[in-house]
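First comes the structure, then the notes that go with it.
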Amino acid sequence: MSDAALARRPAGAAPGPAGPGSGEEPRTGPRFGHRIHPAATVGFLAVLAAGLAYAGYNLVADMRQAGQPPLAVGAFALLGLALLIALAFEFVNGFHDTANAVATVIYTHSMPPLAAVIWSGAFNFLGVMASTGAVAYSVVTLLPVELILQVGSGAGYAMIFALLVAAIVWNLGTWALGLPNSSSHALIGSVIGVGLANQLMAPDHAASGVAWGQALGVLESLLFSPLVGFVCAAGLLFLLKRVVRRPELYRAPEGEAPPPLWIRGLLILTCTGVSFAHGGNDGQKGMGLIMLILIGAAPTAYALNRTMPDSSTPAFVQGSQGASRVFRAHAGGTHAGGTHAGGTHAGGTAVPDAAGARAKVGEALKAKAPAEALAAPEVQAALAALSDDIAAQVQNYGAIRHVPAEATQNLRADMYLAGDAVRLLTGEHSPFTGDETRTLQEYRRTLDDGTRYIPTWVKVVVALALGLGTMVGWKRIVVTVGERIGKQHLTYAQGASAEAVAAGTIGLAEAYGLPVSTTHILSSGVAGTMWANGTGLQMATVRNLALAWIMTLPAAITLAGGLYWALRQVF
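Pasting the structure below:
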């Protein structure tokens with residue numbers, strides 16, 4: 001069949017009978033027409049129902065164990081709706097993004113389509129369960145400070161609903177067109193849209209908007225990861241051709257016959273790597289938002305990490321006191337008045353009480369140049385007061401898990417504000433010495449341990465949502481990756497190169513707490529191997545992919561900002 005005829009043929013459709021005199025080449029595309037057995041549908045629904053029941057049981061159990069008062073019916077319904085929307089985002093993420101992982105094994109006939117998506121779903125699940133949680137909170141820190149601290153308010157729920165619904169709508173729209181779009185890109189754009197809308201809606205635009213310093217780091221990872229995918233996949237293919245002199249590795253599939261066993265093993269291994277890495281990175285984005293929802297609705301149970309053992313208290317108190325000494329040194333003198341109102345430094349800087357310190361640090365974090373505002377002596381004094389207050393409370397109660405309900409929200413606010421301030425102050429233009437910076441960074445890790453954690457049951461339900469989503473709706477994206485990026489069929493080496501680079505890049509990003517796009521890395525990796533192989537690219541598809549990549553941020557920003565404004569009229 002000619003290239004023109006292949007281009008006209010519907011994706012995934014059989015070209016008709018092949019054989020002597022038929023003028024047709026043997027069919028190389030996978031068969032997608034197999035019906036799903038009713039038992040498989042029943043099993044899918046049973047796992048989904050069991051996952052939701054497991055989540056509900058653990059939610060109620062956690063609240064009872066922590067002494068959280070029962071929620072009103074309306075509040076519980078709102079919480080349930082927010083959790084369902086967060087899990088829906090991960091479900092859509094599963095069938096939108098993970099289709100990239102299975103495209104190569106399906107189009108090289110290394111695995112049947114159904115077996116491939118089940119295999120990929122299982123390793124997505126394991127990837128989520130093995131994740132560290134670092135990516136989860138890198139997304140959360142992009143949100144406005146006051147919305148994070150008051151996430152249980154009407155504005156907080158408006159934020160959660162707006163950013164999740166906007167990301168889901170954009171993902172579904174691009175999926176319907178068969179475009180491999182980035183769920184990470186859509187979510188980050190939605191977060192930025194909510195931040196901008198929150199700032200524009202405030203009187204005199206005084207509210208905090210987007211944490212641009214943090215956002216630029218995330219956007220850089222989203223921008224450069226596709227370039228890494230293209231260049232590294234092309235380079236790996238060049239390297240394979242010089243090192244592995246096996247002609248069968250560089251052939252396209254012939255008919256529907258599977259490749260040699262060793263090639264099948266290689267492709268299944270790279271598919272497994274991409275699936276596991278995708279779960280470890282993308283699964284965390286939903287986790288962070290679910291934790292925000294839980295903290296807002298049930299702060300007694302989730303605002304602090306009550307799994308921290310009593311034995312961690314001395315180190316926690318010591319770290320807080322060490323940070324306080326650093327802040328005092330930069331506030332103009334030696335602490336003289338404790339954390340009480342009216343206390344002073346020897347240099348004359350007033351030390352506010354805990355409430356005043358909380359307000360002072362919060363205002364600095366909302367400033368246009370927060371790092372500069374935080375370096376001011378009066379804010380350093382406020383940070384010293386916050387650190388002393390945190391140390392005193394934890395020491396007084398004996399451990400974080402013993403903090404009573406009435407003190408939970410204020411302690412979490414103090415810890416979050418201090419941690420965010422340290423993150424900004426220890427950046428590129430830090431005013432501290434090397435030893436001081438190390439003391440504060442260790443203090444920040446201590447604070448993060450006390451406020452940033454993911455319960456096992458949250459990991460399980462997110463893993464189930466991502467894994468089950470992998471098994472639904474994957475065909476559209478698989479066809480695009482397998483048939484429409486290059487002018488010729490993927491060879492075995494091309495598929496392995498693209499997936500090996502994608503797995504390595506995503507795994508490395510997860511280790512550094514950076515959200516990246518599986519879709520962009522793998523699609524650009526496939527394009528890189530097509531270029532390196534000299535087989536050419538289908539420029540119409542490449543243009544569509546580039547357009548989706550360019551349009552995702554402004555579209556998600558606009559959708560989320562508009563939804564946030566509309567929901568603020570309701571909540």
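Everything in the sequence shown is counted per UniProt numbering, starting at 1 for the first residue and increasing by one. Even for Gly, the Cβ is constructed at its ideal location relative to N, Cα and C. Please read all numbers here as calculations on a predicted model, not as lab measurements.
{"Check": "A376 - DSSP class collapsed to helix/strand/coil", "Outcome": "coil"}
{"Check": "Closest by C-alpha distance to P431, when choosing among T470, V326, R444 and A511", "Outcome": "V326"}
{"Check": "Separation of F123 from L414, as counted between CA atoms", "Outcome": "Residue identity check: residue 414 is Asp in the sequence provided, not Leu. Those two C-alpha atoms are separated by around 38 Å."}
{"Check": "Contact under 8 Å by Cβ, T552 with S182", "Outcome": "yes"}
{"Check": "Spatial distance of A277 from W119 (CA atoms)", "Outcome": "14 Å"}
{"Check": "For P554, three-class secondary structure by DSSP", "Outcome": "helix"}
{"Check": "Euclidean distance between Cα positions of F571 and F125", "Outcome": "35 Å"}
{"Check": "Anticipated Cβ contact below 8 Å, A502 with V274, distance rounded", "Outcome": "5 Å"}
{"Check": "L545 versus A354, L563, A355 and T519, residue with shortest Cα-Cα distance", "Outcome": "T519"}
{"Check": "Selected residue, minimal CA-CA separation from A373, among V140, A331, Y302 and L227", "Outcome": "A331"}
{"Check": "Given 8 Å, three or more beta-carbon pairs between the region 251-263 and the region 52-67", "Outcome": "no"}
{"Check": "Local Cβ density within 10 Å of K459, reported as buried at 16 or more and exposed below that", "Outcome": "buried"}
{"Check": "Close Cβ partners of V461 (< 7 Å) along its chain, the five nearest in sequence each way excluded", "Outcome": "G51, Y54, A55 and L87"}
{"Check": "Span separating the alpha-carbon of V516 from that of P299", "Outcome": "30 Å"}
{"Check": "Where A143 sits in the DSSP three-state scheme", "Outcome": "The sequence shown places Leu at residue 143, rather than the Ala named in the question. Here L143 sits in coil by DSSP."}
{"Check": "Length of the line joining the Cα atoms of A500 and T270", "Outcome": "5 Å"}
{"Check": "K459 - containing alpha helix (DSSP H), residue span", "Outcome": "T456 to T470"}
{"Check": "8 Å Cβ cutoff met for G322 and T433", "Outcome": "no"}
{"Check": "Reduced DSSP category for K285 - H, G, I as helix; E, B as strand; rest coil", "Outcome": "helix"}
{"Check": "7 Å CB neighbourhood of T529 in its chain, flanking five on each side removed", "Outcome": "A233, A234, L237, Q494, S497 and A498"}
{"Check": "V361 to W175 span [Cα, whole Å]", "Outcome": "43 Å"}
{"Check": "Inter-stretch contact (C-beta, 8 Å, three-pair minimum) for the region 183-199 and the region 142-151", "Outcome": "yes"}
{"Check": "For Y453, three-class secondary structure by DSSP", "Outcome": "coil"}
{"Check": "Assigned secondary structure, T408 (DSSP; H/G/I helix, E/B strand, else coil)", "Outcome": "helix"}
{"Check": "contact_flag[the region 149-158, the region 283-297] where n(CB pairs < 8 Å) is 3 or more", "Outcome": "yes"}
{"Check": "Straight-line Cα distance separating E406 from Q380", "Outcome": "27 Å"}
{"Check": "Short Cβ contact (8 Å threshold) for V139 with L267", "Outcome": "no"}
{"Check": "Near the ligand PLP: G288 beta-carbon under 7 Å from a heavy atom", "Outcome": "The ligand PLP is absent from the structure shown, which contains no ligands of any kind."}
{"Check": "Continuous alpha helix (DSSP H) stretch holding V60: start and end", "Outcome": "P38 to A66"}
{"Check": "CB-CB length for R358 against L386, believed under 8 Å", "Outcome": "7 Å"}
{"Check": "Boundaries of the alpha helix (DSSP H) in which F316 is found, first to last residue", "Outcome": "T313 to A329"}
{"Check": "Coarse secondary structure for P370, derived from DSSP in three states", "Outcome": "helix"}
{"Check": "Neighbour-count burial assignment, L200, 16 or more Cβ in a 10 Å radius", "Outcome": "exposed"}
{"Check": "Inter-residue spacing [alpha-carbon to alpha-carbon] between A103 and P113", "Outcome": "9 Å"}
{"Check": "Spatial distance of T344 from D353 (CA atoms)", "Outcome": "Model confidence at T344 stands at a pLDDT of 43, short of 50, so the residue's coordinates are unreliable and nothing is read from them."}
{"Check": "For N533, the first and last residue of its enclosing alpha helix (DSSP H)", "Outcome": "T518 to N533"}
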